[in-house]
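Novice: Under this note's numbering, the first residue of the sequence shown carries the number 6, and numbering increases by one thereafter. Cβ coordinates follow ideal geometry from the N, Cα and C atoms, glycine included. Just dropping this structure here.
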Amino acid sequence: DGAASTAQGAFQYLPGTATTAQLVPIVLDVDTGRDHFRSQATLTNRGTTPVSAQLTYTPVFNDKGGGAIDITLGAGQQRVLDDVLGYLRAQGLPIPQASQSAPQAATLALRFSGASSVDAVAMTTRTGAETASPQPVGRAGLAYSGVPSSQGVTTEATVFGLRHDDKDRSNVAVV
């Protein structure tokens with residue numbers, strides 16, 4: 006029934022009161038002249054209550070364009086932001102347009118409130134390239150999810166398996 010008893014009295018879990026914070030290590034809009042890399046994001050609420058999500062954008066390369074916006078997701082709703090930085094610009098954040106001499110990249114902190122549980126909400130990001138010259142087969146990109154703040158590394162960490170050769174290149178974001 007959601008109620009529990011303790012030595013100090015009774016308490017009850019109230020659905021729709023869970024709050025969780027996540028961090029997406031990198032979202033970007035980078036134009037190399039040959040390739041144009043952009044980040045797409047999917048916010049998901051698998052829960053039974055509406056949630057508010059505050060997205061806080063913190064620039065990596067400069068101090069222009071930082072700020073926060075709020076998004077509401079209904080119960081069971083998913084929202085896809087095809088171009089994260091483009092969406093944030095459209096919501097009024099003063100993020101400069103990307104150019105070859107001015108790439109735009111940032112961390113994105115999320116704070117979900119009102120969730121039916123902390124596991125009911127998530128953000129998954131995909132970064133990929135639009136190329137000026139067609140790829141022979143397939144498309145390159147990578148996907149990563151927001152990391153709950155409580156699970157971030159707070160001490161020394163070792164990253165294994167980094168590669169950079171004619172076929173592969175590892176991507177690492179450190180916040």
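Put residue 73 into one of helix, strand or coil per three-state DSSP.
Specialist: As a first step, residue 73 is located in the sequence shown; it is residue number 68 there, counting from the start. Correct three-state label for residue 73: strand.
Novice: Once DSSP output is grouped into helix, strand and coil, what is the label at residue 102?
Specialist: Taking the sequence shown and counting its residues from 1, one reaches residue 102 at position 97. DSSP places residue 102 in coil when its eight states are reduced to three.
Novice: Could you give the distance in angstroms between the alpha-carbon of residue 41 and the alpha-carbon of residue 73?
Specialist: As a first step, residue 41 is located in the sequence shown; it is residue number 36 there, counting from the start. As a first step, residue 73 is located in the sequence shown; it is residue number 68 there, counting from the start. Going from the Cα of residue 41 to the Cα of residue 73 covers about 25 Å.
Novice: Suppose you measure from the CA of residue 122 to the CA of residue 52; what does that come to, to the nearest Å?
Specialist: Residue mapping note: residue 122 aligns to position 117 of the sequence shown, counting from 1. Residue mapping note: residue 52 aligns to position 47 of the sequence shown, counting from 1. Whole-angstrom Cα-Cα distance: 7 Å.
Novice: Contact defined as beta carbons within less than 8 Å: I believe residue 125 pairs with residue 176. What is the distance between those atoms, to the nearest angstrom?
Specialist: Position 120 of the sequence shown holds residue 125. Position 171 of the sequence shown holds residue 176. Between residue 176 and residue 125 the Cβ distance is about 29 Å, and since that is not below 8 Å, they are no contact.
Novice: For residue 64 and residue 81, what's the separation of their Cα atoms in angstroms?
Specialist: For this step, residue 64 is matched to residue 59 along the sequence shown. For this step, residue 81 is matched to residue 76 along the sequence shown. Distance between the alpha carbons of residue 64 and residue 81 is about 31 Å.
Novice: Looking only at its chain, what residues have a beta carbon closer than 6 Å to the beta carbon of residue 149, apart from the 5 residues adjacent to it on each side?
Specialist: Working through the sequence shown from its first residue, we reach residue 149 at position 144. Correct list, in chain order: 130.
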